[in-house]
Amino acid sequence: MRDYVKLTDRDNVAVVTHDTPKGTEIMPGLTLLDDIPQAHKFALTDIPKDGEIIRYGVVLGYALDPIKRGAWINEHMLRLPVSPSVDNMPWGTNIVTSLPEAPRKTFMGYRNPDGFYAGTRNILGIQTTVQCVQGVLNVAVERIKREILPKYPNVDDVVAVNHAYGCGVAINAPFAKFPIRALQNIARHPNFGGQLMVVALGCEKLTVERLVGEENNTPDNVIVLQECKGYEGMITAIMDMAERKLKVLDQRRREELPLSDLLVGMQCGGSDAFSGVSANPSAGYAADMLVQAGATVMFSEVTEVRDGVHFIAERCVSEDVRNKLADEMRWYDAYLDAGNVDRSANPTPGNKKGGLSNIVEKAMGSIAKSGTSPIVEVLSPAERPTKHGMVAKRGLIYAATPASDMVCGPCQLASGIGLQVFMTGRGTPYGLAAAPVIKVCSRNEMKEQWPDVIDISAGAVVTGEKTIAEVGTELFNFILDVASGVKKPYTEQYGLHNFLCIFNPAPIT
Ligand code: CA
């Protein structure tokens, strides 16, 4: 088992794989000058004041004071570099075509009538126009699950798509397009099988027409609570419509489908300094295998790629893709700027405790989850991919969502992910109701702490006992088993479902 990890020859720091006391000779001739907490950095050379601190082969920051060889380097000791410019980023200069061969090329999914990506689950999704209906709908859904769902064994679940949007908002503000598009696209999620059911209030700003289109505003699909006779009338109307929809959904069957019908989302949260060593590179390896086999993989989180955006640009397949990437970064820079912050607002206390000194270090680890394959498309938050069915254009997609776990999740759902793979170092029980979420942790201690929350540990990559390819292949197979309904990740087994925080950069009225 190894005691430290140095990532590239250029690095002048390494991270310890376990808590290591002051005085330890960590490598021949190098004795630690401080107690170094697990995953934290120590200096491999003397670093002068303003000297570069290099990990992943990139400059994480500049030393505020001289740092001695063997000393601990934490978040208080470096100055953040200026983030890279997004103007004239070279594109197409790092197009990798030799991807690891996928051991499986098909999965068992639910084909959808609209020809979009396949479903991984068979769920009745009940859409809402506005938060006001949530109380009534939740009561109805409880009863549907108890009294009606058991009659339809081929349906996995009934999910209320509750959210905080819909009224009391500046519905015509330019940036209202983000939350509106998110809710429109979630209503079309592949796991909902094309069965549309909407519960509206009747006086909201986000009208039924706006949510699902004029053509879908029919009594077959829509219940307006203000038109129902009292509480009993509301509950009865919702339950009756749900039963009609469940009857149709119950006819759905899994079939063997090519991986080109699968869209997988990748996200990380509660990251530590091992995330970029073990969990995210393993996810990247699985992503490469998925892309090799024809699947589409999506990664996101703007503030967590911003400092490595030039590494993404060089993987873009066209100038148009590069331009959209740059536009998305500019939009987000301006969004943060309007709030008087910048990307340095991102790392959390837990990230820092886990050895991540700043957003540059976090970004380099975060990008590792995208693997190495070319980037064929860039999406705005909650947009759907346009390349499905175009064989030459499938592959890796970057969707420019916020990094917040609770906000990225719904954005990726809106984009149509069949499942999400979620990497963590510190641990989070986060999950989504509409699509399974697989948890991958970066270190063995996390798996020991939460053996029944974390599905796969990449910790053996840190200790040197497994390779990235081994854990990546294990994850690839688990992804396909979950997509096929053969296995359920823990979050799904326990029903750990977070509220959908819909990204709304527009004003509330
Ligand atoms: Ca996140």
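Using the working numbering, the letters of the sequence shown correspond one by one to residues 33 to 541.
Ideal Cβ positions, reconstructed from N, Cα and C, are used throughout, including at glycine.
Helix, strand or coil at residue i according to DSSP, with G and I counted as helix
i	result
GLU275	helix
PRO313	helix
ALA424	Below a pLDDT of 50, predicted positions are generally treated as unreliable, and ALA424, at 48, falls in that range; no measurement from the model is reported.
SER447	helix
GLY167	helix
LEU228	coil
ILE267	helix
ARG242	helix
MET478	helix
SER436	coil
GLN258	helix
VAL453	strand
GLN525	helix
VAL128	coil
ALA431	strand
ILE534	coil
LEU281	helix
ILE540	strand
ILE486	coil
Rounded Cβ spacing between residue i and residue j (contact assumed at less than 8 Å)
i	j	result
LYS471	VAL485	6 Å
ARG87	VAL114	Contact doesn't hold; Cβ gap of about 18 Å is too wide.
SER394	ASN378	Ser is not the amino acid found at residue 394; the sequence shown has Lys there. About 7 Å separates the two Cβ atoms, so the contact holds.
LEU233	GLN258	6 Å
ASP35	LYS54	14 Å between Cβ atoms; not a contact.
MET438	ASN530	6 Å
GLY397	SER303	6 Å
ASP407	VAL329	Correcting the residue identity first, residue 407 is Ile in this sequence and not Asp. That belief does not hold up - the Cβ atoms of ILE407 and VAL329 are roughly 10 Å apart, past 8 Å.
LEU289	ARG143	6 Å
Buried versus exposed call for residue i [16 or more other C-beta atoms within 10 Å across all chains shown]
i	result
TYR317	buried
ARG369	Looking at the sequence shown, residue 369 is not Arg but Asp. Classification for ASP369: exposed.
CYS443	buried
TYR522	buried
MET273	buried
ALA424	Any reading at ALA424 needs caution, since the residue's pLDDT is 48, under 50, leaving its predicted position unreliable; the model's value is listed next. The residue is exposed, with fewer than 16 neighbouring Cβ atoms inside 10 Å.
ALA366	exposed
ARG276	exposed
THR125	exposed
GLU264	exposed
GLU57	exposed
VAL128	exposed
GLN283	exposed
ASP41	exposed
GLY387	buried
HIS108	exposed
PRO80	exposed
SER117	exposed
LEU96	exposed
ARG111	exposed
ILE540	exposed
Endpoints, the beta strand (DSSP E) within which residue i is located
i	result
VAL48	45 to 48
ILE58	57 to 59
VAL410	407 to 411
THR138	138 to 141
GLU287	287 to 290
Endpoints, the alpha helix (DSSP H) within which residue i is located
i	result
VAL472	From DSSP, VAL472 is part of no alpha helix (DSSP H) but of the beta strand (DSSP E) over 469 to 473.
MET396	391 to 399
THR505	500 to 515
THR495	491 to 495
CB contact below 9 Å: residue i versus chain D
i	result
TYR462	Absent from the structure is chain D; it holds one protein chain and no more.
Give the list of continuous beta strand (DSSP E) stretches no shorter than 3 residues that lie fully inside the segment 351 to 380. Unbroken beta strand (DSSP E) runs of no fewer than 3 residues, entirely contained in the segment 351 to 380, are not found.
Those runs of the beta strand (DSSP E) which lie wholly inside the segment 65 to 98 and span at least 3 residues: DSSP runs (the beta strand (DSSP E)) wholly in the segment 65 to 98: 73 to 75, 84 to 87, 90 to 95.
Entirely within the segment 144 to 231 and at least 3 residues each: give me those beta strand (DSSP E) ranges in chain order. With a minimum length of 3 residues, the continuous beta strand (DSSP E) runs that stay inside the segment 144 to 231 are 155 to 160, 189 to 193.
Unbroken beta strand (DSSP E) runs of length 3 or more, entirely within the segment 296 to 342: which are they? You should have 328 to 331.
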